[in-house]
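For the sequence shown, my numbering begins at 18 and goes up steadily by one.
Each residue gets a CB set at the ideal place from its N, CA and C atoms; glycine is no exception.
Owing to the predicted nature of the structure, the values given are computational and were not obtained by experimental measurement.
Here is the structure we will look at.
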Amino acid sequence: MNEPIFTKENDMTELTPLHYIMIALGALALLFLMLWLITQSRAKREQERLISQHADDREKLSTELQDKAERERLDQKKAFAQQKETYDETVSRQALQIDSLKHLSKNGGEYLTDMTLIQLKERLVRNERIRPEDMHVLANIFIPGRDLKRTEKISHIVLTRTGIYILDSHYWKGHIYHGVDQTQFSAEPMFEHVFSLLDIDPYIEQTLAMERDETKGAVYFRSLRDNIEDLKRRAELVEETFQLKFPVTSIAYFNKEGHDSGTMNNFSRDKQVKVVVGEDELELFFEKYVFHGRFQYSVDELEAIRDEIEHLNP
């Protein structure tokens with residue numbers, strides 16, 4: 018029995034519909050694969066674009082922050098320069114005001130005291146003992162008295178972080194006896210006679226000035242008691258007016274007119290008023306009490322007090 022012979026032509030002509038379906042599915046799968054590859058390629062390019070954009074944005078932000086920091090630095094530098102210019106203008110203006118004190122003060126002694134205090138501050142700042150804002154020197158200050166019809170003049174006010182001081186300055190020729198009362202009569206009988214002539218209370222400390230009139234060949238005594246009591250009262254008034262946290266220290270400042278033109282004896286037991294004689298002792302006083310004391314006021318508080326005082330004295 019002879020078997021049938023199959024040829025290639027027979028294989029091709031004998032493809033069934035299933036074969037065509039399989040071929041179509043294969044072609045479709047290949048198409049989807051190509052589309053997926055294209056999509057993946059696009060997604061990768063988009064990811065790379067986003068990464069590049071993020072890097073650009075980060076670099077741009079960094080540049081902007083650096084520019085902002087530089088602008089702030091320049092603004093701070095400009096503000097500091099403006100503050101320095103304002104400070105220099107203030108110092109110059111105050112120097113002009115001090116220069117006019119000769120015409121405003123009651124006498125040349127007050128002007129000399131102002132200059133002594135200002136030069137003391139300038140030297141301390143220059144030597145870096147204090148900062149400019151640690152000490153303020155004010156002169157010829159007027160404040161309302163307890164009696165509203167009366168105005169009180171404060172010759173000198175010194176504001177420091179360790180306390181507030183008012184000064185009453187006396188320039189003299191001759192001799193000062195400060196704090197004299199009846200306890201000195203036995204040792205110095207002259208005082209009893211002077212007290213009697215001036216009709217002053219021997220049980221209260223007095224301040225006496227003995228001055229010589231060379232032209233008449235005479236010696237005069239006068240009492241400065243009222244000056245000392247007024248100084249205490251004005252210190253209390255300053256404390257009340259500006260509602261200060263601590264008592265104001267009173268300083269009776271005696272300085273000589275010319276070299277060796279006066280001397281002083283201090284018998285006082287009164288601790289309320291500090292007695293200072295001469296520029297050297299004034300500087301030593303501030304060295305001892307101002308720069309070695311406990312802080313009472315902050316820089317901002319001192320500035321606020323100064324502003325209040327200047328508000329009353331435009």
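Going straight from the alpha carbon of residue i to that of residue j, what length do you get?
{"i": "Asp243", "j": "Leu225", "result": "11 Å"}
{"i": "Glu102", "j": "Pro149", "result": "15 Å"}
{"i": "Ile171", "j": "Glu327", "result": "13 Å"}
{"i": "Arg323", "j": "Glu76", "result": "51 Å"}
{"i": "Gly291", "j": "Glu87", "result": "Gly is not the amino acid found at residue 291; the sequence shown has Lys there. Near 54 Å, if we compare the C-alpha coordinates of Glu87 and Lys291."}
{"i": "Leu50", "j": "Arg66", "result": "24 Å"}
{"i": "His173", "j": "Thr130", "result": "8 Å"}
{"i": "Phe263", "j": "Lys233", "result": "49 Å"}
{"i": "Leu241", "j": "Asp230", "result": "18 Å"}
{"i": "Tyr194", "j": "Gln100", "result": "49 Å"}
{"i": "Gly43", "j": "Arg62", "result": "29 Å"}
With a threshold of 16 other CB atoms inside 10 Å of the CB of residue i, please say whether the residue is buried or exposed.
{"i": "Ser58", "result": "exposed"}
{"i": "Glu81", "result": "exposed"}
{"i": "Ala156", "result": "buried"}
{"i": "Ser312", "result": "The question names Ser, but residue 312 is Phe in the sequence shown. Exposed: under 16 other Cβ atoms inside 10 Å."}
{"i": "Gln70", "result": "exposed"}
{"i": "His309", "result": "exposed"}
{"i": "Val316", "result": "exposed"}
{"i": "Glu222", "result": "buried"}
Leaving out five residues on either side along the sequence, give the residues of the same chain with a beta carbon under 6 Å from the beta carbon of residue i.
{"i": "Lys85", "result": "none"}
{"i": "Leu319", "result": "Leu176"}
{"i": "Arg239", "result": "Ala226"}
{"i": "Val142", "result": "Pro149"}
Apart from the five residues on each side of it in sequence, which residues of its chain come closer than 8 Å, Cβ to Cβ, to residue i?
{"i": "Ala41", "result": "none"}
{"i": "Gln83", "result": "none"}
{"i": "Gly275", "result": "Its pLDDT being 49, under 50, Gly275 is placed unreliably in this model, and the coordinates cannot settle the point."}
Checklist entry - Do three or more CB pairs link the stretch 247-260 to the stretch 150-170 at distances below 8 Å? => result Between the stretch 247-260 and the stretch 150-170, the count of Cβ pairs shorter than 8 Å is three or higher; the stretches touch.
Checklist entry - Are the stretch 182-189 and the stretch 262-269 in contact at 8 Å, needing three or more beta carbon pairs? => result The stretch 182-189 makes contact with the stretch 262-269; the number of CB pairs closer than 8 Å reaches 3 or more.
Item to check | Given 8 Å, three or more beta-carbon pairs between the stretch 278-291 and the stretch 195-203 | outcome: Three or more beta-carbon pairs separated by less than 8 Å link the stretch 278-291 to the stretch 195-203, which places the two stretches in contact.
Item to check | Cβ contact check for the stretch 125-144 and the stretch 291-300: 3 or more pairs under 8 Å | outcome: The answer is yes - the stretch 291-300 touches the stretch 125-144, with three or more Cβ pairs under 8 Å.
Item to check | Ordered list of alpha helix (DSSP H) runs contained in the stretch 187-224, each at least 4 residues | outcome: Runs found: 206-215.
Item to check | Continuous alpha helix (DSSP H) assignments of at least 4 residues falling wholly in the stretch 33-68 | outcome: Counting only runs of at least 4 residues, the stretch 33-68 fully encloses no alpha helix (DSSP H) element at all.
Item to check | In chain order, each alpha helix (DSSP H) run of at least 4 residues that lies wholly inside the stretch 221-277 | outcome: DSSP runs (the alpha helix (DSSP H)) wholly in the stretch 221-277: 242-258.
Next on the checklist: For a minimum of 4 consecutive residues, which ranges assigned as the alpha helix (DSSP H) are wholly contained in the stretch 125-149?
Outcome noted: The stretch 125-149 contains these whole alpha helix (DSSP H) runs: 125-143.
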